[in-house]
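At position 113 of the sequence shown (counting the first as 1) the number is 143 in my numbering, and the numbers step up by one without a gap.
Ideal placement from N, C-alpha and C gives every residue a C-beta, glycine not left out.
Presented below is the structure to which this report refers.
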Amino acid sequence: MSDNNEFDLFKEMMADVAPIKQDTVTISQKYTVSESQLARRIAAQSLAESDSEYLSLDNATMVKPDDMIEFKRDGVQEAVFRKMRQGKYDIQGRLDLHKKSLQQARDEILTFLKQSQRLDIRTVIIVHGKGERSNPPALMKSYVTTWLEQISDVLCFHSAQRQHGGTGALYVMLKKSPEKKLETRERHLNRRSS
31 MSDNNEFDLF
41 KEMMADVAPI
51 KQDTVTISQK
61 YTVSESQLAR
71 RIAAQSLAES
81 DSEYLSLDNA
91 TMVKPDDMIE
101 FKRDGVQEAV
111 FRKMRQGKYD
121 IQGRLDLHKK
131 SLQQARDEIL
141 TFLKQSQRLD
151 IRTVIIVHGK
161 GERSNPPALM
171 KSYVTTWLEQ
181 ISDVLCFHSA
191 QRQHGGTGAL
201 YVMLKKSPEK
211 KLETRERHLN
221 RRSS
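This is the structure:
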């Protein structure tokens, strides 16, 4: 069969086919989130984070007493993380968890971090100990590490330098408070407009 014959056959088969006039689909109902739904969602998220129960006492990723711990969220600049892990930022707050139960430690961490952020404190140290004599070893260290990863206001953390407690303590960097973010944004806008 030649190309002309195939084309003629194709035209003959398509002779009674009508082209579609509309090539888009109209969606009759648009899904939007109402203000009340959005408010409920935000309240549920903030309630979950303000409730210490969202940090589990049931399981943690176990680490060893001498393990070097590090964690960094996406968006944290490598130079900032390096400076923090080298202990070059001023430590503005300190929490010591020695002789605390896991439940006390969890509650104190949440309170301490919220208070620090409210006071515009960005870099703190949490002393958890190595846990060489705990059973299992490094129990508190393991839970603190797991909890800090779950707290959205924690940008990064790293085992401290020897003079600040070494692998028995963590440098923790917090997000800016909403007020400080706004202040920084306004400062940058003023710089651009002048």
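C-alpha gap between glutamine 134 and arginine 221, whole angstroms: Their Cα atoms are separated by approximately 46 Å.
Under 7 Å between C-beta atoms of tyrosine 173 and leucine 132: A contact, by the Cβ cut-off of 7 Å.
Neighbourhood of valine 229 by C-beta distance below 6 Å, restricted to the same chain and skipping five residues each side: The chain is shown from 31 up to 224; residue 229 falls before or after that span and cannot be answered.
Residues near isoleucine 99 by beta carbon distance below 8 Å, same chain, minus five either side: Val93, Lys171, Thr175, Phe187, His188, Ser189, Thr197 and Leu200
Three-state secondary structure assigned by DSSP to lysine 129: Three-state DSSP puts lysine 129 in coil, outside helix and strand.
Beta carbon of histidine 128 nearer than 7 Å to that of glycine 159: yes
Simplified DSSP assignment, three categories, for serine 66: In the three-state scheme derived from DSSP, where H, G and I count as helix and E and B as strand, serine 66 is classed as helix.
Same chain, Cβ closer than 7 Å to glycine 117, neighbours up to 5 away in sequence not counted: Ala190, Gln191, His194 and Tyr201
Whole beta strand (DSSP E) elements within the segment 109 to 156, 3-residue minimum: Entirely contained in the segment 109 to 156, the beta strand (DSSP E) runs reaching 3 residues are, in chain order, 123 to 126.
Same chain only: Cβ atoms within 6 Å of glutamate 42, ignoring 5 sequence neighbours per side: There are no such residues.
Residue from Thr91, Ser86 and Lys113 with nearest C-alpha to methionine 203: Lys113
Interface flag, glutamine 52 vs chain C, CB-CB below 7 Å: Among the chains in the structure shown there is no chain C, since it carries only a single protein chain.
Cβ-Cβ distance between proline 95 and glutamate 162 below 7 Å: In this structure, glutamate 162 lies closer than 7 Å to proline 95 by Cβ.
Identified DSSP bridge partners for lysine 102: Cys186
For glutamine 180 and arginine 152, believed in contact at Cβ under 8 Å, the rounded distance: Incorrect: roughly 19 Å between the Cβ atoms, too far for contact.
Beta-bridge partners of alanine 199, as assigned by DSSP: Val157
Alpha-carbon spacing of tryptophan 177 relative to valine 157, whole angstroms: CA-to-CA, the gap between tryptophan 177 and valine 157 works out to about 14 Å.
Between the CA atoms of leucine 219 and proline 49 - distance to the nearest angstrom: 54 Å
Beta-bridge pairing of leucine 204 - partner residues as DSSP gives them: Val184
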